[in-house]
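Residues 11 to 159, numbered by the numbering used here, are exactly what the sequence shown covers, in order.
Note that CB positions come from ideal geometry on N, CA and C, so glycine has one too.
Remarks on the structure that follows.
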Amino acid sequence: MGFADCATISHLGPYRSFVREYDPVESDLIRQFTGLVVESLYVTQDFRTATVGCQYCRDTTLVSGDAITVALSCYEDFSWEIEGVYCASHGIDAVESVMDVRAEQQAVVSAVLEASGYYPPRGNFQPDALTLGDVTVLDFSPTEAGYRT
């Protein structure tokens with residue numbers, strides 16, 4: 011489903027802060043999220059029309075080229091999963107604004123939807139499947155932060 015490996019950023023200390031420019035953690039997150047397929051247990055895109063809905067305004071259809079905000083969590087420090095896709099206009103910029111802080115890595119990023127090919131594990135090739143492009147990390151919450159809340 012387009013999962014990204016979380017283990018490479020588990021070296022963070024017990025703090026929560028915005029990721030800063032040139033931060034190696036930010037670079038790693040951007041690398042892991044760029045090209046990630048917008049499909050998960052929580053988010054389903056319509057492969058036929060190459061669209062996905064906003065989690066807040068369900069009547070809004072997002073397409074390739076749209077600016078979005080994405081909430082992600084790293085399941086058992088193993089794979090990143092998209093928890094929500096939102097219109098960029100909602101102004102989401104923090105983990106706490108869209109999900110409870112839990113004892114797992116969590117992130118909120120801005121991105122642009124891109125159409126690219128995807129071959130689902132149990133399906134046919136989807137030539138216009140939506141993926142994340144032009145990713146910018148807005149907020150990151152390490153696993154340790156979930157133990158303090």
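Around the beta-carbon of C67, fewer than 16 other beta-carbon atoms lie within 10 Å, marking it exposed.
Taking 3 residues as the shortest admissible run, the segment 87–143 contains the following complete beta strand (DSSP E) segments, listed from N- to C-terminal end: 89–97, 116–128. Cβ-Cβ separation between V80 and V95: approximately 6 Å, consistent with a contact (criterion under 8 Å).
The C-beta distance from A121 to I78 rounds to 6 Å, short enough to fall under 8 Å. For T79, the enclosing beta strand (DSSP E) covers residues 77–85. For N134, the closest of Q42, F57, V47, L51 by C-alpha to C-alpha distance is F57. Beta-bridge partners assigned by DSSP to T44: none are found. In the three-state reduction of the DSSP assignment, L72 falls in the strand class, which pools E and B.
In the three-state scheme derived from DSSP, where H, G and I count as helix and E and B as strand, S50 is classed as coil.
Taking the CA atoms as reference points, T70 sits about 6 Å from C64.
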